[in-house]
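In the UniProt record's numbering, the protein residues as written are 3 to 338.
C-beta: ideal position from N, C-alpha, C; glycine also.
Since this is a predicted model, take the numbers as computed values, not measurements.
Single-structure report; data block below.
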Ligand code: AHG
Ligand code: MN
Ligand code: MN
Ligand code: MN
């Protein structure tokens, strides 16, 4: 009964990472310890997010709860949880979070060799209406030759050792790449473990869905406007694409990864660098897309080749199925 064998052979995310680590004999398990602390943060946020609605329901609305404690916004709470988990792992030296203006420099003796860039709660405007939200993270190795400075984290996305996201939706799904493919794990609440449910995710070569905020159409540049026009009125007689836009990057990217298609957050006249942040939104999602056989483009270059100059820098991004991104690259190339 192969089915039986499968059910008892529980591949948890920790076992998966340990298997990966065994391929790097030089590693002393630091990465596994770091990842376990990220997983712990995701489990906490998953639990807090699922209760957020109830908090409103049982009158914890407004700024204080029944204990008179200041009611933390979920993205502030999530940020505190991840900062504390990452510092206490003893494996990090610089932390960059969307919620903190300045980077966190971990002091000895808790300082380690990894830098983590993360968006503790992405899509937070969607919390109250129950739309899926998520956490996005990327991991760099820091050269430990000196006292860490902010320059150590301003590295191109291609230097990332690992990247992933955790989506808090109908189930809690953690999608991770450590540089050799992409795997998806689903939280089994009864075990409190993330179980491998989506082994070796590959994005379809070409998709039938485009994902963009059409409300910004009047501000788009030529190539973006032309590309979206082609999605709606194909010139080669192929069927028009469907539009799916959730407004939560983790949810839009997860659908794109599994179903194929293209996700766009273009530059526009109002925001010439688009809206999404390079370090902890564009890079991790671009890393995952490339690892799954797709690609990611900024309008000027391969997204992972970008070198950020400050930690909250933004960039336009076009990511998803390889062939779909090729089409918009051709339109930008023609523009030059
Ligand atoms: P965050 O909630 O972390 O600030 O990120 C929100 C981002 C991203 O999740 C999503 O793709 C984008 O905002 C949607 O922006 P628009 O509402 O402008 O389309
Ligand atoms: Mn975000
Ligand atoms: Mn956020
Ligand atoms: Mn935000």
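Excluding five sequence neighbours on each side, which residues of the same chain lie with their C-beta closer than 8 Å to the C-beta of residue i?
{"i": "residue 115", "result": "32, 93, 95, 143, 144 and 146"}
{"i": "residue 85", "result": "97, 99, 102 and 106"}
{"i": "residue 275", "result": "269, 315, 316, 317 and 318"}
{"i": "residue 282", "result": "98, 99, 100, 119, 120, 121, 138, 139 and 140"}
Apart from the five residues just before and just after residue i, which ones in its own chain have a Cβ nearer than 6 Å to its Cβ?
{"i": "residue 226", "result": "268"}
{"i": "residue 60", "result": "Reliability fails at residue 60, whose pLDDT of 41 lies under 50, so the model's placement of it is uncertain and the value that follows must be treated cautiously. None."}
{"i": "residue 4", "result": "In this prediction, residue 4 scores a pLDDT of 49, lower than 50, which makes its location untrustworthy; the coordinate-derived value is nonetheless stated afterwards. Nothing listed; no residue qualifies."}
{"i": "residue 81", "result": "99, 101 and 122"}
{"i": "residue 156", "result": "310"}
{"i": "residue 272", "result": "221"}
What does DSSP give as the partner residue(s) for residue i in the beta ladder?
{"i": "residue 185", "result": "178"}
{"i": "residue 297", "result": "322"}
{"i": "residue 168", "result": "137 and 176"}
{"i": "residue 195", "result": "190"}
{"i": "residue 290", "result": "Residue 290 is not bridged to any residue."}
{"i": "residue 107", "result": "96"}
{"i": "residue 126", "result": "Residue 126 is not bridged to any residue."}
{"i": "residue 33", "result": "The partner list for residue 33 (beta bridge, DSSP) is empty, contrary to what the question assumes."}
{"i": "residue 118", "result": "97 and 141"}
{"i": "residue 14", "result": "197"}
{"i": "residue 229", "result": "BP columns for residue 229 are empty, so no partner."}
{"i": "residue 202", "result": "DSSP lists no partner for residue 202."}
{"i": "residue 270", "result": "222"}
{"i": "residue 245", "result": "212"}
{"i": "residue 304", "result": "299"}
Return the Cβ separation of residue i and residue j in integer angstroms, given the expectation that the two are a contact with Cβ distance under 8 Å.
{"i": "residue 289", "j": "residue 140", "result": "7 Å"}
{"i": "residue 50", "j": "residue 129", "result": "Actually they do not touch by this definition, with Cβ atoms about 10 Å apart."}
{"i": "residue 169", "j": "residue 252", "result": "5 Å"}
{"i": "residue 264", "j": "residue 322", "result": "4 Å"}
{"i": "residue 221", "j": "residue 270", "result": "3 Å"}
{"i": "residue 83", "j": "residue 43", "result": "5 Å"}
{"i": "residue 266", "j": "residue 213", "result": "7 Å"}
{"i": "residue 189", "j": "residue 173", "result": "7 Å"}
Any heavy atom of ligand 3 closer than 7 Å to the Cβ of residue i?
{"i": "residue 102", "result": "no"}
{"i": "residue 123", "result": "yes"}
{"i": "residue 90", "result": "no"}
{"i": "residue 77", "result": "yes"}
{"i": "residue 126", "result": "yes"}
Only counting the same chain, and skipping five residues up and downstream in sequence, which positions put a Cβ closer than 7 Å to that of residue i?
{"i": "residue 229", "result": "329, 330 and 333"}
{"i": "residue 179", "result": "164, 165, 166, 289, 290 and 293"}
{"i": "residue 308", "result": "158, 159, 280, 300 and 317"}
{"i": "residue 200", "result": "185 and 186"}
{"i": "residue 277", "result": "267 and 316"}
{"i": "residue 20", "result": "34"}
Under the rule that 16 or more other beta-carbon atoms within 10 Å means buried, what is residue i, buried or exposed?
{"i": "residue 241", "result": "exposed"}
{"i": "residue 121", "result": "buried"}
{"i": "residue 224", "result": "exposed"}
{"i": "residue 181", "result": "exposed"}
{"i": "residue 196", "result": "buried"}
{"i": "residue 235", "result": "exposed"}
{"i": "residue 153", "result": "exposed"}
{"i": "residue 77", "result": "buried"}
{"i": "residue 256", "result": "buried"}
{"i": "residue 109", "result": "exposed"}
{"i": "residue 326", "result": "buried"}
{"i": "residue 131", "result": "exposed"}
Within 7 Å: the Cβ of residue i and any heavy atom of ligand 1?
{"i": "residue 254", "result": "yes"}
{"i": "residue 267", "result": "yes"}
{"i": "residue 166", "result": "no"}
{"i": "residue 215", "result": "yes"}
{"i": "residue 277", "result": "yes"}
Say the cut is 7 Å; is the CB of residue i nearer than that to a heavy atom of ligand 4?
{"i": "residue 134", "result": "no"}
{"i": "residue 250", "result": "no"}
State yes or no: is the C-beta of residue i nearer than 7 Å to some heavy atom of ligand 2?
{"i": "residue 315", "result": "no"}
{"i": "residue 283", "result": "yes"}
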